[in-house]
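The listed protein sequences correspond, in order, to chains A and B. Take 1351 as the starting number for the first sequence in this note's numbering and just add one per residue. Take 1351 as the starting number for the second sequence in this note's numbering and just add one per residue. In what follows, a structure is listed as structure tokens, so that the remarks can point back to it.
Number of protein chains: 2
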Amino acid sequence: MNTRPSNHSAWVLAARAAKMNPSVIREILKITEKPGIISFAGGLPSPKTFPVAEFEQACAKVLRDEPQAALQYAASEGFAPLREQVAAMLPWNVDPAQVLITTGSQQGLDLVAKVLIDVGSKVLVESPTYLGAVMAFTPMEPNIVSVATDDDGVDLADLERKCAPTLGTGVSSLPPAGADSPWGGPAANRRSDARFLYVLPNFQNPTGRTMSEARRAALVARAAERGLPLLEDNPYGDLWFDSPPPLGLTARNPDGCIYLGSFSKVLAPGLRLGFVVAPKAVYPKLLQAKQAVDLHTPGFNQRIVAEVMKDGFLDRHVPTIRTLYKAQRDAMLEALARELPARPGQSADERVVWNTPAGGMFLWARLPQGMSAVDLLPKAVEQGVAFVPGAPFYATEGDPRTLRLSFVTPSVEEIRRGVAALARSIQTYGAELVAYPETACAPFA
Amino acid sequence: MNTRPSNHSAWVLAARAAKMNPSVIREILKITEKPGIISFAGGLPSPKTFPVAEFEQACAKVLRDEPQAALQYAASEGFAPLREQVAAMLPWNVDPAQVLITTGSQQGLDLVAKVLIDVGSKVLVESPTYLGAVMAFTPMEPNIVSVATDDDGVDLADLERKCAPTLGTGVSSLPPAGADSPWGGPAANRRSDARFLYVLPNFQNPTGRTMSEARRAALVARAAERGLPLLEDNPYGDLWFDSPPPLGLTARNPDGCIYLGSFSKVLAPGLRLGFVVAPKAVYPKLLQAKQAVDLHTPGFNQRIVAEVMKDGFLDRHVPTIRTLYKAQRDAMLEALARELPARPGQSADERVVWNTPAGGMFLWARLPQGMSAVDLLPKAVEQGVAFVPGAPFYATEGDPRTLRLSFVTPSVEEIRRGVAALARSIQTYGAELVAYPETACAPFA
């Protein structure tokens, strides 16, 4: 058949496929996966915290007591006893019928995107935010709008501007930042046109920040006023160091929020178990979407986790994770203070600054003015240490001076050596900038 | 805050959510899940075939030898040794780099839909077809077009008509069935505008039919001529009874096909493990979509299955499934012949007819003219037996007389009693139709 066309040309991709891209961070991680590199880059829980013996016992018990049910097709909602355990462990009144077990909390993001995002829908995210959420939303082709944040969380004045209905079609027409009210019109019309605000209130990825009590209360009230649904993602909330974070957002207004939870950080990520708690207005559609994407989350895994969690295991186990991660955070803070001390008279823009996360896995740092974390990375890798530049975490324009440091995977000894190596690379970079000042990055480019 | 709007009204669903519906079959299964009912309805593999002892050993070994890797985050592509095993067991030359491990083969359908379907894209499916595929495609809002089938598989004349470029916008403008060429224009333009044809060549769900060798060869050639990609779904192919089915479609033209495989029917569904084999033109986008939906399929499950499959386990195990299912199919065929015999002079339209599947899990039957399988179902449940009416498996208009009978979950004894109960319900229904003929269903309504 001479007229047979090349098969290659048979494939026509959906328009959304052009918007899907490999994770920038994943690509960065590839560069940093050289042997001997101390990595502050990954977001991997410490494998020391995986309760291997408990998993062994649970696997044996599940396969001995109920192998046929554990290995058969199962309900799309999830394993009923696990849904009950999830409902019982959350700090507000949750009906197990509102709990949907997902294949990792990442799947919750995909399901929410399918059910709530039309092409061009406005979706608000913190700036910076979890890159995987943006990747999950993108295939549904939303208009992603970044909302500014500070150390206390979402900036409510910026939220007020960004959640105001967009004028015209498609193109965002926002009033200037200083305008008194971006809404105009009568009070009854002051409803946001955003489909939701995606927010990580506890030990956020990437910044490690925790939203303050006052900000939470104000955010939930403002969102309710504006008819703005909240998508609360809480993978790290149990990993607090000195005291629990303030009450979550969904707990304050369950009908106005969808909550995403995960077992990845308190048990292990390799089982891919998370959950969604959703109000009745949304749950049935999330369930239908779930059924279409993978029928159900592996029933075997759900039974293992339900078995492990019996008798309050998490109450004994999670404190050991907190203790470990706190010690590693402290080691990183000490090493940073030792290796990158503030010299007398230096302003915050002239030196490396970092925050003190109250829990979770990540610390957020900022390089001196004129430096770029992307440019620093190869120099750091040369010195034997890796991190993730902050820029990819900004859905729109990012601060090129920022970087994310994970303190949970390396040991205390590796943290010390890694921070020393990081400091050397920054010094080298600084010396180069003095010699070749034209290579300095423009701030907030 | 008196002006606070009701939260309920805050939720705006995506337009696609209106097109998502609960699985009709799932709703039917709920009706039939009464205690004591013999069910030919579900598509559940027989739990007798689950290799529980091997899973126990594999769990113990994986958690003993490599717990940290098995329980940690992992690559989105899947566990490398499992990808190699998959590539090695397929009957054509597959590079492991083309294998993407999925959370059940259902997820493969979701990923393909995301990457290949735009709103309004034409997608061809067999009539009838697997309902779960239609459910996976629907959220991407395709124009699903049914292609007729016969006992040998896809009807190529109907395919030729249906895959011809659609005239106008949105509305299908097909030439009459008898037209010589639906294409018109020069040969160079004779390329299909369908994004793909979804096809189950082996022991199809729901019909149990197998596509003939001649039809496969002709379909692959025609698809290549027309630039029509094929999406080959093969969950049942290993479950042949007397001889293997003919070579698959992807094996004949790997660059023009995407292949979906599953471990659900040869090992167990509860681990949710399947795979996609895709050409280089599509694989990277499927991988990016996969990363966004659940990061990766549970690494623990992948290692368990890789461990179980070592040393040719499937070569010993799958024949035991074939033997079991063949005996159960034979029991069903015998019971049907005994309970629903053809009376002298009856035409095929006047009696119950059924096919003889050469493998898989399902048998396809058709009631006498004037009967509806949907109307029969409650009468059958009353007699103590359940099945799935065929109509929901047709993406567009369906034959209301058809029904699907699964022969793999009940025992031989239950099959005998269940078919006797089915025959009683059909006799009752027939007697009612004689008494009240106006209740008979219109053929092909």
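Using N, Cα and C, we set each Cβ at its ideal position, and we do this for glycine too. On a predicted model such as this, the values are computed, not experimentally measured, just so you know.
**Report entry** Pairwise C-alpha distance: Q1448 (chain A) and V1462 (chain A)
**Finding:** Looking at the two C-alpha atoms, the distance is approximately 14 Å.
Query raised in the report: Once you ignore the five residues that flank M1659 (chain A) on each side, which residues in its own chain have a CB closer than 6 Å to its CB?
Result: Q1435
Requested in this report: Just confirm the distance between the C-beta atoms of F1712 (chain A) and S1756 (chain A), as a whole number of angstroms; I'd bet it's less than 8 Å.
Outcome: 6 Å
Requested in this report: Answer with yes or no whether the minimum CB distance from M1370 (chain A) to chain B is below 8 Å.
Outcome: Judged by the 8 Å Cβ criterion, M1370 (chain A) is in contact with chain B.
Query - beta-carbon Q1407 (chain A) near the ligand GDP non-hydrogen atom, thresh 7 Å - result: Because no ligand of any kind appears in the structure shown, any question about the ligand GDP cannot be addressed here.
Query raised in the report: If you draw a straight line from the alpha carbon of A1571 (chain A) to that of V1724 (chain A), how long is it in whole angstroms?
Result: 38 Å
Query - CB contact flag (W1714 (chain A), R1754 (chain A), <8 Å) - result: It is a contact, given that the beta carbons lie within the stated cut-off.
Requested in this report: Let me know if T1647 (chain B) comes out buried or exposed under the rule of 16 or more other beta-carbons within 10 Å of its beta-carbon.
Outcome: Counting Cβ neighbours within 10 Å, T1647 (chain B) comes out buried, since at least 16 surround it.
Report task. Determine the direct distance from the alpha carbon of Y1786 (chain B) to that of L1363 (chain B), and round the result to whole angstroms. Result -> 45 Å
Query raised in the report: Alpha carbon to alpha carbon, how far is P1526 (chain B) from R1565 (chain B)?
Result: Residue placement at P1526 (chain B) is flagged as unreliable, the pLDDT there being 46, under the threshold of 50; the coordinate-derived value follows with that caveat. Counting only the Cα atoms, R1565 (chain B) lies some 23 Å from P1526 (chain B).
Requested in this report: Answer with buried or exposed for D1588 (chain A), where buried requires no fewer than 16 other C-beta atoms within 10 angstroms of its C-beta.
Outcome: buried
Query raised in the report: To which residues of the same chain is S1798 (chain A) closer than 6 Å at the C-beta, ignoring the five residues directly before and after it?
Result: In the structure as shown, chain A starts at 1351 and stops at 1795, and residue 1798 (chain A) therefore has no counterpart that could be examined.
Query raised in the report: Where in the segment 1467-1519 of chain B do unbroken runs of the alpha helix (DSSP H), each at least 4 residues long, occur, reported from the N-terminal end onward?
Result: 1481-1487, 1506-1512
Requested in this report: Have a look at F1608 (chain A) and L1599 (chain A) and give me their C-alpha separation to the nearest angstrom.
Outcome: Note on identity: in this sequence residue 1608 (chain A) is Ile, with Phe being the wrong assignment. About 9 Å.
Query raised in the report: Which residues of chain A have a Cβ atom closer than 9 Å to the Cβ of V1738 (chain B), listed in chain order?
Result: Chain A residues near V1738 (chain B): none, gap ~14 Å exceeds 9 Å.
Report task. Could you work out which residue in B:N1603, B:L1664, B:F1405, B:P1401 is closest to L1578 (chain B) when comparing CA atoms only? Result -> B:N1603
Query raised in the report: Can at least three beta-carbon pairs, one atom from the segment 1630-1650 of chain B and one from the segment 1363-1381 of chain A, be found at a separation below 8 Å?
Result: yes
Query raised in the report: Relative to chain A, which residues along the segment 1417-1445 of chain B have a C-beta separation below 7 Å, given in chain order?
Result: Residues of the segment 1417-1445 of chain B whose Cβ lies closer than 7 Å to any Cβ of chain A, in chain order: P1417, Q1418, A1420, L1421, Q1422, Y1423, A1424.
Query - Three-state secondary structure assigned by DSSP to D1588 (chain A) - result: coil
Query - Short CB-CB distance (under 8 Å) between Q1796 (chain B) and chain A - result: Since the displayed chain B opens at 1351 and closes at 1795, residue 1796 (chain B) lies outside it and no answer follows.
**Report entry** Outcome for D1661 (chain B) when other beta-carbon atoms lying within 10 angstroms are tallied against a minimum of 16
**Finding:** exposed
Query raised in the report: How many angstroms separate the CA atom of P1596 (chain B) from the CA atom of T1399 (chain B)?
Result: 25 Å
Requested in this report: Flag E1782 (chain B) as yes if its beta-carbon sits less than 8 Å from any beta-carbon of chain A, otherwise no.
Outcome: no
**Report entry** S1477 (chain B) vs T1746 (chain B) beta-carbon contact at 8 Å
**Finding:** yes
Requested in this report: Return the first residue and the last residue of the alpha helix (DSSP H) that V1449 (chain A) is part of.
Outcome: Premise fails: V1449 (chain A) lies in the beta strand (DSSP E), 1449-1452, not in any alpha helix (DSSP H).
Requested in this report: Answer with yes or no whether the minimum CB distance from I1467 (chain B) to chain A is below 8 Å.
Outcome: yes
Query raised in the report: Can you tell which of B:K1729, B:P1739, B:A1601, B:R1679 has the C-alpha that lies nearest to the C-alpha of E1763 (chain B)?
Result: B:R1679
Report task. Closer than 7 Å, Cβ to Cβ, to anything on chain A: give me those residues from the segment 1609-1634 of chain B, in chain order. Result -> A1618, P1619, G1620, L1621, R1622, A1631, V1632
Query raised in the report: How about A1736 (chain B) and A1391 (chain B): are their beta carbons less than 8 Å apart?
Result: yes
Requested in this report: Compute the distance between the beta-carbons of E1377 (chain A) and F1663 (chain A), then report whether it is under 8 Å.
Outcome: Going by C-beta atoms, E1377 (chain A) is not nearer than 8 Å to F1663 (chain A).
Query raised in the report: How many Å lie between D1543 (chain A) and D1460 (chain A) at the Cα?
Result: 21 Å
Query - Neighbour flag for G1577 (chain A) against chain B, beta carbons, 8 Å - result: Yes, contact with chain B.
Query - I1388 (chain A) (DSSP reduced to helix, strand or coil) - result: strand
Query raised in the report: Which residues of chain A have a Cβ atom closer than 7 Å to the Cβ of Q1457 (chain B), listed in chain order?
Result: V1643, D1644
Report task. Check distances from the C-beta atoms of the segment 1650-1661 of chain A to those of chain B and list, in chain order, the residues that come in under 8 Å. Result -> F1650, N1651
Query raised in the report: Exposed or buried, P1718 (chain B), counting other C-beta atoms within 10 Å across all chains shown (16 or more means buried)?
Result: buried
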